[in-house]
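A.B. asks: Just so you know, we're using the working numbering here: the sequence shown kicks off at 402 and counts up by one. Yeah, the Cβ is synthetic: ideal placement off N, Cα and C, and Gly gets one too.
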Amino acid sequence: MWHLLEPLHAVLYYAPEAFEEAAALGYGTEERWPSYFPYRAAPLGTAGPGQVASAFYSFSPRMVAEHIEPAWRIAAPDAVLDARSRAVDRVYRTIFGDRVDSPELAEAAALARRAAEAAETAGRPLAAANAALPWPRAPHLQLWHAATILREHRGDGHLAALLVAGLDPVEALVSFAAVGAASVERFESRGWSGAQWAAARDRLAARGLVDADGTATEAGRALRRQVEEHTDRLAAAPWQSLGPDGVDRLAALLGDYWVAVLASGLLPSENTLGIGKV
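(1) Using a 10 Å radius around the Cβ and a threshold of 16 neighbouring Cβ atoms, would you call Thr447 buried or exposed?
(2) Starting from the Cα of Glu470, find the closest Cα among Gly451, Ala488 and Val481 and give me that residue.
(3) At what residue ranges does the region 541-582 contain a whole run of the alpha helix (DSSP H), taking only runs of 4 or more?
(4) Run through DSSP, which three-state label would Ala617 get?
(5) Please report the residue range of the alpha helix (DSSP H) in which Ala664 lies.
(6) Specify the secondary structure class of Tyr414 as computed by DSSP and reduced to three states.
(7) Would you check if the distance between the CB atom of Gly615 and the CB atom of Arg602 is smaller than 7 angstroms?
(8) Thinking C-beta only, is Ile550 closer than 7 angstroms to Ala523?
(9) Of the choices Ser584, Ala561, Arg474 and Pro535, whose alpha-carbon is the least far from that of Tyr458?
(10) Taking the C-alpha atoms as reference points, what is the distance between Arg654 and Ser584?
(11) Provide the residue span of the alpha helix (DSSP H) that contains Gly446, from first to last.
(12) By the DSSP assignment, the alpha helix (DSSP H) with Met464 in it spans what residues?
(13) Name the two residues that bound the continuous alpha helix (DSSP H) containing Thr495.
(14) Does the contact criterion of 3 or more C-beta pairs under 8 angstroms hold for the region 482-500 versus the region 579-599?
(15) Does the Cβ-Cβ distance between Leu544 and Val575 come in under 7 angstroms?
(16) Out of Ala454, Ala423, Val501 and Arg463, which one is the CA nearest neighbour of Ile475?
(17) Assuming Pro444 and Ala454 form a contact by the criterion Cβ under 8 angstroms, report the distance between their Cβ atoms to the nearest whole angstrom.
(18) Please say whether Ala425 and Ala488 have beta carbons closer to each other than 7 angstroms?
(19) Over the uninterrupted alpha helix (DSSP H) stretch that includes Arg591, give me the two end residues.
(20) Let me know the secondary structure DSSP gives Val679 once reduced to three states.
(21) Tell me whether Ser436 is buried or exposed, calling it buried when 16 or more other Cβ atoms sit within 10 Å of its Cβ.
(22) Roughly how many angstroms separate the alpha carbons of Glu553 and Val662, rounded to a whole number?
(23) Can you tell which of Arg525, Gly647, Ala636 and Leu534 has the C-alpha that lies nearest to the C-alpha of Val481?
(24) Hey, how far is the Cα of Leu643 from the Cα of Glu630?
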């Protein structure tokens with residue numbers, strides 16, 4: 402379900418319509434980060450760099466501060482939330498065309514909303530912040546909002562699993578790159594310096610989790626499997642509430658929309674999230 406829903410959420414951070422809405426607010430669009438940080442953090446209100454770095458976890462505090470310190474001077478969170486809703490509406494209409502008004506999408510949105518409303522948000526700041534927002538009326542916007550709550554619910558749980566595994570923010574990335582999730586160069590987009598990356602690799606090597614060249618050892622692979630299994634367990638409740646038949650029906654309904662997003666070419670072929678790798 403994560404594989405099917407994540408592209409429906411993440412397209413916001415890559416679509417030209419989203420950059421246009423961000424530019425209208427005053428954010429830079431020479432790269433995706435000036436709009437990514439306010440778009441994703443806006444549900445938290447005027448959160449400072451420390452709060453956002455904590456909630457986002459794997460980005461370097463320096464990078465978070467670079468984009469969050471000016472973010473709310475450029476536009477208030479409410480204005481950013483309005484802009485991202487307009488952006489999602491435009492992006493979905495571009496990608497899905499007339500299917501935004503189809504009964505199949507409306508049914509998918511209703512099922513995804515049921516799952517999202519069943520998500521327990523205690524101890525999950527990003528899920529809670531998005532869940533506290535009012536539900537949009539249009540089914541296609543409800544689908545995006547549900548996908549967002551569910552992915553942040555899973556993401557918040559993933560951070561808990563990383564903490565249990567004893568992986569700090571940069572170690573989480575180094576260990577993920579070590580199992581081949583994406584290239585080290587792709588992970589460099591999270592803002593950590595070469596020295597910070599090397600120091601984290603050395604810490605993991607001292608624990609027997611990576612070899613000298615940064616490749617995961619069997620112990621390192623086992624730890625990452627434990628992290629993913631723990632993440633899955635923590636993310637299961639919304640889907641259990643929907644029941645096997647509801648999950649199967651939602652998966653069947655989402656297939657065409659998932660394919661359409663991937664076929665749009667907006668999402669990068671290599672990414673740190675595993676989008677499209679099924």
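C.D. replies: Let me spell this out:
(1) Counting Cβ neighbours within 10 Å, Thr447 comes out exposed, since fewer than 16 surround it.
(2) Ranking Gly451, Ala488 and Val481 by Cα distance to Glu470 puts Gly451 first.
(3) If we require 4 residues or more, the alpha helix (DSSP H) runs fully inside the region 541-582 come out as 570-579.
(4) DSSP places Ala617 within a strand segment (E or B) once states are collapsed to three.
(5) In the DSSP assignment, Ala664 falls within the alpha helix (DSSP H) that extends over Ala638 to Ala664.
(6) Of the three classes helix, strand and coil, the one that applies to Tyr414 here is helix, per DSSP.
(7) Yes, these two residues count as a Cβ contact at 7 angstroms.
(8) In this structure, Ala523 sits away from Ile550, with a CB-CB distance that is not shorter than 7 angstroms.
(9) Ranked by how close their Cα comes to the Cα of Tyr458, the residues Ser584, Ala561, Arg474 and Pro535 have Ala561 in first place.
(10) Here the sequence assigns Leu to residue 654, which means Arg is not the residue at that position. Going by C-alpha positions, Leu654 is about 33 angstroms away from Ser584.
(11) First-last for Gly446: undefined, no H or E at that position.
(12) Residues Pro462 to Ile469.
(13) Where Thr495 is concerned, the enclosing alpha helix (DSSP H) stretches over Pro478 to Phe497.
(14) Segments in contact, no.
(15) No Cβ-Cβ contact shorter than 7 angstroms links Leu544 with Val575.
(16) It is Ala423.
(17) In this structure Pro444 does not touch Ala454 by the C-beta definition: roughly 16 angstroms separates them, more than the 8 angstroms allowed.
(18) Taking 7 angstroms as the cut-off, the beta carbon of Ala488 is found no closer than this to the beta carbon of Ala425.
(19) It is not in any alpha helix (DSSP H) - Arg591 carries neither H nor E in the DSSP assignment.
(20) Unreliable placement is indicated for Val679, whose pLDDT of 40 sits below 50; no coordinate value is reported for it.
(21) Ser436 is buried by the Cβ-count criterion.
(22) Taking the straight line from one Cα to the other gives about 19 angstroms.
(23) Looking at the Cα atoms, Leu534 is the closest of the given residues.
(24) Roughly 20 angstroms separates the two Cα atoms.
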